[in-house]
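Participant:
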Amino acid sequence: MSSRVLSRTVVGVLAVALTGVGAPAALAQPALAQSPDDSFYSYEGAAPLSSYAPGAVLETRTVPYTILNIPTPIQAVQVLYRSTDALGQPSANVTSILRPANGQPDKVVSYQSFYDSLNPDDSPSRAIAGNTPIGDWTPSGRNFNVGGTFTSIEAALFGPLFALGYTIVVPDTEGPDANFAAGPEYGMMTLDALRAAKDVPETGITDDAEIALMGYSGGAIATNWASILAPAYAPEINDNLIGAAQGGVLVNPANNLRYASGSIGWGGVVGMAIVGVARSYDIDFGKYLSDRGRDVMARLEDASIGNVLAQYPGLTWQELVKPEYADPNTVPEYVDVVNKINMGTAATPTIPMFIAQAANGTIEGTQPGGPGVGAGDGVMITGDVRTLARKYCDAGLPIQYDQYDTISHFLGALLWLPGALTWIDDRFTGKPAPSNCANIAPGNSLAPQEHAAR
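Going by the working numbering, the sequence shown opens with residue 6, and the numbers climb by one from there.
#1: Does the count of Cβ pairs from the region 234-252 and the region 275-284 closer than 8 Å reach three?
#2: Which residues bound the beta strand (DSSP E) around TYR350?
#3: Determine, using beta carbons only, whether ALA452 comes closer than 8 Å to chain D.
#4: Could you please give the first and the last residue of the uninterrupted beta strand (DSSP E) stretch that includes GLN94?
#5: Tell me the DSSP secondary structure of ILE356 in three-state form.
#6: Tell me the DSSP bridge mates of GLU215?
#7: Tell me, to the nearest whole angstrom, how far the beta carbon of ASN184 is from that of SER285; I am working on the premise that it is less than 8 Å.
#8: Nearest CA to the CA of ASN98: which residue from PRO105, GLU64 and LEU123?
#9: Would you call TRP271 buried or exposed, if buried means 16 or more other Cβ atoms sit within 10 Å of its Cβ?
#10: Near SER157, what residues of its chain come up, given a Cβ to Cβ distance below 6 Å and the 5 sequence neighbours on each side ignored?
#11: For the pair the region 195-208 and the region 169-183, tell me if three or more CB-CB distances fall below 8 Å.
#12: Going by alpha carbons, who is nearest to ASN229 out of ALA106, LEU416 and PHE359?
#13: Sorted by chain position, which residues of the same chain lie with C-beta nearer than 6 Å to GLY188's C-beta, five sequence neighbours on each side aside?
#14: Rounded to whole angstroms, what's the CA-CA distance from SER55 to VAL62? Just pull it up for me.
#15: Smallest Cα separation from GLN405: which of ILE412, THR411, ALA394 and HIS414?
#16: Nearest by alpha-carbon distance to THR195: which of GLY223, VAL343 and ASP341 is it?
#17: Please classify LEU262 as buried or exposed, where buried requires at least 16 other C-beta atoms within 10 Å of its C-beta.
#18: Determine the DSSP secondary structure at TYR330, reduced to helix, strand or coil.
As structure tokens, then:
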């Protein structure tokens, strides 16, 4: 069976699952979508972007919801809206709203994708609109374009949500420039997407709609930062939040750097994160890089996580920098930025949460870290997540924390998903949020990093 025929068959099956229609005709050779005009992603209005409030609707369109560039019967409303980047500057971003035929206008799931990429072409909105450049090279010509397929893979997660009648909001969490790992920016992009979605009549979302946040891995970055920022940044959205379900959580990036550095599977993600935070916070790390570091960073400029997993085996921070900067804390800009994106020192959310974390990263080529780091799932650190959960417990939030001791990051997603779906459905049906705070073991320190002398 050819890859094209296989794609059409998979899409047909998913279309049946998503729409609830059983007609065999739904499986009959769907046509490839026509790529929408990319001008939709740029704000070209006469008024300055800064003159709009965060969440303001700038433009809308309706497109067929596509999977692997093949359209399904579902329509997606896409919204260009005003948001805010990591530096506090106005930004024009896109979100997609998927509404099933049985959609309940007062129940919304904000699903944050794990598309993890430094290439804007990999954004969920482009995949949803049928503009995934499968088989092409990235703009730099250095990476094969695979990142856009992740959102199509996530379509399998939407079936159960559609069956329950939830409207799904899928923001481009990394913003228009794909600022990977810039947690606060992820959060603002997510919250402003919800503001915008409520202001577009075609979405059917009511002003008093209950909203659940959901995301794993990169999606958990956006989910938790949206939870953290909502009370101050978007209080009207916070009033409607009923909870957040997240797994594989990036808490304290300084610890993650030490943990994933040298990993057989995840070493390349260290470089991706450096590129992403440098881009989002306008930092020039060039003067600290070694020749090897400059070469790797150039290759990662538009890479997705699909390009780096296991392709930079054993890559370390020390390889990327000059010898005098072997200790990351000797780089002042690094210390400043990792402190800005440390969830452990940020504000506390006000909503109940389901948090899941795996703990056997050796399966994915990452050995347990030393003192203060310990075990993780291969890229995220279990002790950091426990400390964050306990912090939220101490604030009086109902927290259900599940730890998967025998599996790693990717396998953890398979266990997290059914638990997350059940937990979210229970919140919509009004059941009290569960809590196992008394059983969460102590974790690591999440204290800010301190500058070190060379």
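Don't be surprised by glycine CBs; every beta carbon is placed ideally from N, CA and C.
Facilitator: Looking at the atomic coordinates:
#1: no
#2: The sequence shown places Thr at residue 350, not Tyr. Neither: THR350 is in no beta strand (DSSP E) and is coded neither H nor E.
#3: The chain labelled as chain D is not found in the depicted structure, where only one protein chain is given.
#4: No beta strand (DSSP E) holds GLN94; DSSP gives it neither H nor E.
#5: coil
#6: LYS112
#7: 4 Å
#8: GLU64
#9: buried
#10: ILE72, LEU73 and ALA132
#11: yes
#12: PHE359
#13: ILE226, TRP230 and ILE346
#14: 13 Å
#15: ALA394
#16: GLY223
#17: buried
#18: helix
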